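Enquirer: To convert, count from 1 in the sequence shown and add 92; that's my numbering.
Backbone N, C-alpha and C fix where the C-beta goes; we use that ideal spot for every residue, glycine too.
Bear in mind the structure is a predicted one, so any value in this text is a computation, not a measurement.
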Amino acid sequence: MNRLQRSHQPTVSSVLDRISNTLRGIKRQYSANTLEPEAAHRQVDEVIRNLTRLEGSDSLPDADLKRAIRSVIEFKENLPHHKETSEEPELNRYGQTIPNQYGKGRNQLDIDMTKFQQLLQLGFTVKQIAEDGLLGGVIHVNTLYRKLKENNIQIRSSFSNMPDDELQGLISDYNRDHPNAGALEVQAYLKTKGVNVQRQRCRDILGRVDSLGTATRWSCTIQRRQYSVPTANSVWHIDTHHSLIRWGIIVHGGIDGHSRLIPFLRASTFNTSKAAACFFVQGVKNYGVPSRIRADHGTEYADTGRFMISVNGEGRGSFMTGPSVHNQRIERLWRDIFIKVLDVFYKLFCLMEEQNILITTNSIHRWVLQYVFVPRIDFALREWMNTHNNHKVRTEGNKTPNMMWFKSLLLGNPEKNTSIRNIENPPNERVDEVIQTLNLELNGTIFLKPRDNCPLTEDEFMELRNTIDITKYSVSHGLDVFRDVMLHVMSKQT
């Protein structure tokens, strides 16, 4: 496997350890009478599936593998069956009506078809929209299907008929750049590219492209701690990530605590208050002003804190600071971002230093590195952000962060929640006043520029820009572009 392709590479033994821990956990729950049969059966199915993926591994003889699979199957057969529950929730029935167009019978329901179509485009099913009351109250699902038929709206999204070899090429390319991404993330990435494929088809192809990786990714999943805030935009967790700080590159990001939606994620060479506030306000422009934000202690959030207090008011916790252990959502996000986006660049830069292609003490080398790679990293982060916001979260009923964010805003109460009120009645004038008062620069590209002085004259720099496209596709993740730019720059030095 290419040395740049996978970090923290788990081993076959880590898969076996995970299997052992899973089965022990099920036994403990059974002994304590706290076992959820449905979840237990699902976990054992995962164990069997990942044991099967280890076939052909040099670290585990086939005979031992077959014995292990048989014993797990026997273990599953002894598990209790699923439980049935029949609790009926109290329903908030849809009540908006219009007179029956035929003059007889009950009034017809007045359905907002624009909102209905918007929910469908976000990925909600007709059943979810009807039963969750996303249009303002619970509606019988057949009523919504009838409304679709009356308005000649087709909702059954057709899956792509792209040939397997072509689809495998797309998935293989994404796996090369994001070697630790799972099937749901790959499926979400394909959706952002307009390719809608079945989840199982995506899993099957990813399993062929990276079978060992599929099993080892499963072995590294973690048990999440319970986290709860009332609505979307109640709390944004913001932070900076410094895994590439050795090369003068910082990542600014934020995540909505309720929905896991990422409102902004940018690479930069500046770890300043102005840069942090600029990227934060970009997120505000797209998703509204959150009720509160939480950040670590640090001077880089001074302007962001002033913005929040000026817009939402003092004495209500608009800007909360504290140790990173209280910034759970963003700290968990950084792990995903490093593994799935930044790790490739981290290993590439280390390799460049080992081979003396890059000398970090040389200001020209640093300038070229940041000139070439910061825009590439920034693009990779924004692309991954879109993928993340559209990926299905298993523990949330397979809803995407976009769906959870939008649903929360639909069902929230603007009288009780500042987060909802700031969406329904956005404080645009206050926001613009604060931006002007703090002298914030909203053109984020200025924070992507190299920090070292440009070693070229203005005319030479324009020649470089016109000669070499630093954003072009590169199978070496930009190493070839770095070499070309370095040769061009060094040729101008006297």
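Any chance the segment 347-357 sits against the segment 482-499, with 3 or more Cβ pairs inside 8 Å?
Expert: yes
Enquirer: Distance check for E392 and L502, CA to CA, integer angstroms please.
Expert: 34 Å
Enquirer: Pull up the distance between the alpha-carbon of L443 and that of D257, whole angstroms please.
Expert: 32 Å
Enquirer: Taking all protein chains shown into account, decide if L579 is buried (16 or more other Cβ within 10 angstroms of its Cβ) or exposed.
Expert: exposed
Enquirer: When you compare the CB positions of T75 and A280, do they come within less than 7 Å of one another, or not?
Expert: Since the first residue shown for the chain is 93 and the last is 586, residue 75 is missing from the structure and cannot be characterised.
Enquirer: DSSP three-state call for G195: helix, strand or coil?
Expert: Low confidence applies to G195: its pLDDT is 49, below 50, so where it sits in the model is not reliable enough to give any reading.
Enquirer: Could you tell me how far apart the beta carbons of S511 and T323 are, in whole angstroms, since I believe they sit closer than 8 Å?
Expert: 5 Å
Enquirer: Short of 6 Å in beta carbon distance, which residues of its chain neighbour I451, apart from the five on each side in sequence? Order them along the chain.
Expert: H457
Enquirer: Can you give me the Cβ contacts of L157 inside the same chain, cut-off strictly under 7 Å, excluding the 5 residues immediately before and after it?
Expert: Around L157: L143, L146, E147.
Enquirer: Between which two residues does the alpha helix (DSSP H) holding V403 run?
Expert: 394-404
Enquirer: Under DSSP, the beta strand (DSSP E) around T332 begins and ends at which residues?
Expert: T332 -> beta strand (DSSP E) spans 327-333.
Enquirer: Quick one: residues in its chain with C-beta nearer than 7 Å to the C-beta of S178, no 5 flanking neighbours on either side, listed in chain order?
Expert: Annotation note: pLDDT 42 at S178 (below 50); position unreliable, no value reported.
Enquirer: Given a cut-off of 7 Å, decide if A387 and T413 are closer than it, judged by their beta-carbon atoms.
Expert: yes
Enquirer: So what does T413 bridge to, in DSSP terms?
Expert: A387
Enquirer: Quick one: what's got a C-beta closer than 7 Å to S566's C-beta in the same chain, skipping five residues either side?
Expert: D572, V573
Enquirer: Using DSSP with H/G/I as helix, E/B as strand and the rest coil, what is H457?
Expert: Looking at H457 - three-state DSSP - the assignment turns out to be helix.
Enquirer: Find the nearest neighbour of S326 within the set N363, P467, N514, judged by alpha-carbon distance.
Expert: N514
Enquirer: Which partner residues does K484 have in the DSSP bridge list?
Expert: DSSP output for K484 lists no bridge partner at all.
Enquirer: CB D302 to CB N253, shorter than 7 Å?
Expert: no
Enquirer: Taking the alpha carbon of T308 as the reference point, which residue from F371, R141, R162, Y463 has its own alpha carbon closest?
Expert: Nearest of F371, R141, R162, Y463 to T308, Cα basis: R141.
Enquirer: Where are the alpha helix (DSSP H) runs, 4 residues long or more, that stay fully inside the segment 224-277, in chain order?
Expert: 233-242, 256-269
Enquirer: Just the C-alpha distance for S455 and K584, rounded to the nearest angstrom, thanks.
Expert: Rounded to the nearest angstrom, the two C-alpha atoms are 15 Å apart.
Enquirer: May I ask you to list the residues that DSSP assigns as paired with G357?
Expert: Note that residue 357 is Leu in the sequence shown, not Gly. L357 pairs with G345.
Enquirer: Check whether the segment 363-370 touches the segment 392-406, counting contact only when three or more Cβ pairs, one atom from each stretch, lie closer than 8 Å.
Expert: yes
Enquirer: For S163, which residues in the same chain have their Cβ closer than 8 Å to its Cβ, ignoring the five residues on either side in sequence?
Expert: Same-chain partners within the cutoff: there are none.
Enquirer: Quick one: give me the first and last residue of the alpha helix (DSSP H) that R134 is part of.
Expert: 129-144
Enquirer: May I have the straight-line CA-CA distance separating I354 from P153, to the nearest angstrom?
Expert: Each residue's Cα considered, the two are about 44 Å apart.
Enquirer: From T453, K499, V485, L434, pick the residue whose C-alpha is nearest to that of R468; which is it?
Expert: Ranking the options by Cα distance to R468, first place goes to L434.
Enquirer: Considering only the alpha carbon of each residue, which of R358, Y463, S410, L226 lies closest to V381?
Expert: S410
Enquirer: With DSSP run on the structure shown, which of helix, strand or coil describes K541?
Expert: coil
Enquirer: If contact is defined by three or more beta carbon pairs under 8 Å, each pair taking one atom from either stretch, is the segment 459-467 in contact with the segment 545-563?
Expert: Contact between the segment 545-563 and the segment 459-467 is present, with at least three C-beta pairs closer than 8 Å.
Enquirer: Tell me whether K508 sits in a helix, a strand or coil according to DSSP, three-state version.
Expert: coil
Enquirer: Taking DSSP as the reference, what is the three-state secondary structure of K491?
Expert: strand
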